[in-house]
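Trainee: The structure follows.
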Amino acid sequence: MTSLLSIIIINYNTFSLTCKCIESILQYTQEVSYEIILVDNASTECSPDKFLELFPQITLIKSPENVGFAKGNNLGLQYAKGEYILLLNSDIELNENSIAICLQKMQENPQIGVISPLLVYPDGKVQHTANKFHNLTYEFIELFRLHKILGKKRLLGFYFSHNEEIFVDWVWGAFFLIRREVIDKMPARKLPDDFFMYFEDVQWCYLIRKLGYKILFTPATRAIHYVSASSQNTNPNLDKFEKSLQNETQFWLKEKGWLYTKMLYFVRAIKYFSLRKKEFRQIAKLFWKKFLKF
1 MTSLLSIIII NYNTFSLTCK CIESILQYTQ EVSYEIILVD NASTECSPDK
51 FLELFPQITL IKSPENVGFA KGNNLGLQYA KGEYILLLNS DIELNENSIA
101 ICLQKMQENP QIGVISPLLV YPDGKVQHTA NKFHNLTYEF IELFRLHKIL
151 GKKRLLGFYF SHNEEIFVDW VWGAFFLIRR EVIDKMPARK LPDDFFMYFE
201 DVQWCYLIRK LGYKILFTPA TRAIHYVSAS SQNTNPNLDK FEKSLQNETQ
251 FWLKEKGWLY TKMLYFVRAI KYFSLRKKEF RQIAKLFWKK FLKF
């Protein structure tokens, strides 16, 4: 029987978390015909065959090298048979029937190209996974703190609560339910995979919106997200931001051009400098370096 949904998970040295992710899918996903495709990105932690020993029902794809997040998902797409595709991080754990809830919402509205639920940290704290694209209007609002003066609801929808269902510009790629027909309309009928890791979700959503589809964030269901377990370094937040900024720079230069990108980074640098905290000063310096390079 052909599965309605193909769930693609990328594993890179996260054996325990990946097992927990798969177990939660099997436990909580009901009333949905699905397949699980696990792409192992040349992990060295243990043999990927251990996954088949524990979960013989999955499809295991062994990449001979670590090809990154986007290319890894495209590798999984080659084997996917579903009408709908769920790109699911290995550090996601379900604790309710989130997949079926999201899938039903997508089936009810053909304009929805992507849907993502509320993601929370293990302690229940909300992750701000739904966003607007950065632009000059948004950055000037932030710089001059206009959202505090005029009220967030009056400012062009740049601010919203994660307590309400809303169409947004982009969502994190950690729980990324997308129609197969959307991917088939993309160049080469695959997800853009220019970036090894970071900012690919923004790039995807930008293209999906250009194709005429909407991005829906829904708090009707939630999942636990352990966040960046496969990205290990001594200063993970700043390191991730710097890598993401490199990809973001390429993206905006391509989509908006040199002058717009230069102005955008100038305003963002000033904004972060004005926040004064040490971690924000470090981010400001990154934007300033990018600004000076143009």
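According to UniProt numbering, the sequence shown is numbered sequentially starting from 1.
All C-beta atoms, glycine included, are put in the ideal place defined by N, C-alpha and C.
(1) Please list, in chain order, all residues of the same chain as TYR198 whose beta carbon is under 6 Å from its beta carbon, the five residues on each side excluded.
(2) Can you tell me whether GLU149 is buried or exposed? The criterion is at least 16 other CB atoms within 10 Å of its CB, across all chains shown.
(3) Among ALA269, TRP172, ASN109 and GLU65, which one has its Cα closest to the Cα of TYR213?
(4) Per the DSSP calculation, ASN11 is bridged to which residue(s)?
(5) According to the Cβ coordinates, are ILE61 and THR221 closer than 7 Å?
(6) Is the Cβ-Cβ distance between CYS205 and TRP170 less than 7 Å?
(7) If you draw a straight line from the C-alpha of PHE273 to the C-alpha of TRP252, how long is it?
(8) In or out: LYS125 buried (at least 16 other Cβ within 10 Å) or exposed?
(9) At the level of alpha carbons, what is the spacing between SER24 and LYS289?
(10) So, at 7 Å on beta carbons, what are the nonlocal neighbours of TYR12 in its own chain, with the 5 sequence-adjacent residues on each side left out?
(11) Closer than 6 Å by C-beta to LEU156: which residues in its own chain qualify, once you throw out the five before and the five after it? Chain order, please.
(12) Taking the DSSP output, what are the residues bridged to ASN89?
(13) Enumerate, from N- to C-terminal direction, the unbroken alpha helix (DSSP H) stretches of 4 or more residues contained entirely within the region 140-218.
(14) Confirm, please, whether the CB-CB distance from ILE92 to MET106 is below 7 Å.
(15) Just to confirm the assignment: which complete alpha helix (DSSP H) runs, minimum length 4, are found wholly within the region 60-143?
(16) Which residue from LEU264, HIS225 and THR137 puts its Cα closest to that of LEU17?
Mentor: Walking through what the data contain:
(1) Stepping through the sequence shown from its first residue, residue 198 is reached at position 198. The beta carbon of TYR198 lies closer than 6 Å to those of LYS243, SER244 and ASN247 in the same chain, with the five residues before and after it left out.
(2) Reading the sequence shown from its first residue, position 149 is the one you call residue 149. As written in the sequence, residue 149 is Ile, which differs from the Glu given in the question. Its Cβ having fewer than 16 others within 10 Å, ILE149 is exposed.
(3) Stepping through the sequence shown from its first residue, residue 213 is reached at position 213. TYR213 has its Cα closest to that of ASN109, out of ALA269, TRP172, ASN109 and GLU65.
(4) Walking along the sequence shown from the start, residue 11 turns up at place 11. Bridge partners of ASN11: ASP40.
(5) Position 61 of the sequence shown holds residue 61. Position 221 of the sequence shown holds residue 221. Against a cut-off of 7 Å, the Cβ pair of THR221 and ILE61 comes out as no contact.
(6) Looking up residue 205 in the sequence shown gives position 205. Looking up residue 170 in the sequence shown gives position 170. A contact, by the Cβ cut-off of 7 Å.
(7) Within the sequence shown, residue 273 is the residue found at index 273, counting from 1. Within the sequence shown, residue 252 is the residue found at index 252, counting from 1. Linking PHE273 to TRP252 through their CA atoms gives a straight-line distance of about 22 Å.
(8) Position 125 of the sequence shown holds residue 125. Classification for LYS125: exposed.
(9) Along the sequence shown, one-based indexing puts residue 24 at 24. Along the sequence shown, one-based indexing puts residue 289 at 289. LYS289 has its alpha-carbon roughly 43 Å from the corresponding atom of SER24.
(10) In the sequence shown, counting from the first residue as 1, residue 12 sits at position 12. For TYR12, where only same-chain residues beyond five positions count, the Cβ hits under 7 Å are ASN41, SER43, ASN66 and SER230.
(11) Here residue 156 refers to the residue found at position 156 of the sequence shown. Per-residue confidence for LEU156 stands at a pLDDT of 44, beneath the threshold of 50, marking its modelled position as unreliable; no derived number is given.
(12) Indexing the sequence shown from 1 puts residue 89 at position 89. DSSP, once it has assigned bridges, lists ILE10 as partnering ASN89.
(13) Runs found: 146-150, 180-184 and 200-210.
(14) For this step, residue 106 is matched to residue 106 along the sequence shown. For this step, residue 92 is matched to residue 92 along the sequence shown. Not in contact: MET106 and ILE92 (Cβ atoms no closer than 7 Å).
(15) Listed in chain order, the alpha helix (DSSP H) elements of length 4 or more contained wholly in the region 60-143 are 68-77, 98-108 and 136-143.
(16) Position 17 of the sequence shown holds residue 17. The residue with the shortest Cα to Cα distance from LEU17 is HIS225.
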